[in-house]
Structure formats: C-alpha cells, structure tokens
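Residues 18 to 113, numbered by our numbering, are exactly what the sequence shown covers, in order.
Each residue gets a CB set at the ideal place from its N, CA and C atoms; glycine is no exception.
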Amino acid sequence: MSVNQLAFLVGLYGVPLLLLWAGQRIRRGGPLRRRMFWGAIIGHCIAGVLAVAAGLIQAKTWSAGDTWRGLLGYWAMLALPVAGLLLAGIRRSPRD
C-alpha cells in the first residue's frame, strides 16, 4: 500500500469517524469548537466533490506528469478538512 492510498483511506473513513466522534462533544464546547467542527465538515464535503470530479475525468486527458489528479483524488479528503478546521480556528467571530 502506498502513502497515497493510505491518505485516501484515512480521508475516506478516518476523517468521517473522527468528525462523528467530535460531533458528539460539540454541545459541551464553545463557539470556537463549533466553528472548527463545521469548518472541517465543509472542507470534507468540498473535498468529496473534488475527488469525485477528478475521478470522473477520463484518464486519457491526463498526462503522466500531471499531479492535480493525485492531489484531488488521494489527498484532498485528508487535507481540506484540516485546512477548514484551521481556517475556522484562526478566523475571529463577533461572538468571541
């Protein structure tokens, strides 16, 4: 199993399980924790759409040196929830 496949599996199964676990504890957290949770959810949803879109493009249109398909297909579902979590964590809200 390559690192790309491992990242894909962690993004496909591990991130939703982690978000499911974190969603149960969101009631006890403050607004920052809720915002970070929803940032990760939105990031994962966007990554899922991008991964499906990259998978639907015919393989003959991609070149051997094209890295976008690998990034979108393998790494987006792991990286975008983390990016959403971090962006939501550093953004200030008027309620804070």
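According to the neighbour-count rule (16 or more other Cβ atoms, all chains shown, within 10 Å of its Cβ), is residue i buried or exposed?
| i | result |
| --- | --- |
| GLY60 | buried |
| ALA105 | buried |
| ALA76 | exposed |
| ALA64 | buried |
| LEU89 | buried |
| LEU97 | buried |
Give me, in chain order, the residues of the same chain whose beta-carbon lies closer than 6 Å to that of residue i; leave out the 5 immediate sequence neighbours on both sides.
| i | result |
| --- | --- |
| LEU102 | MET53, GLY56 and ALA57 |
Taking 8 Å as the limit between beta carbons, can you name the residues of its chain near residue i, skipping five residues before and five after?
| i | result |
| --- | --- |
| VAL66 | none |
| GLY27 | Checking the displayed sequence, the identity of residue 27 turns out to be Val instead of Gly. Counting only Cβ-Cβ distances below 8 Å, and skipping sequence neighbours, we find LEU95. |
Between which two residues does the alpha helix (DSSP H) holding residue i run?
| i | result |
| --- | --- |
| LEU49 | 48–73 |
| ALA76 | It is not in any alpha helix (DSSP H) - ALA76 carries neither H nor E in the DSSP assignment. |
| VAL20 | 20–26 |
| LEU88 | Counting along the chain, LEU88 falls outside any alpha helix (DSSP H), and DSSP gives it neither H nor E. |
| GLY40 | 32–41 |
Skipping 5 residues on each side, what residues in its chain have a beta carbon closer than 7 Å to that of residue i?
| i | result |
| --- | --- |
| TRP92 | ALA24 |
### Query
Are three or more beta carbon pairs between the stretch 31–45 and the stretch 70–78 nearer than 8 Å?
no
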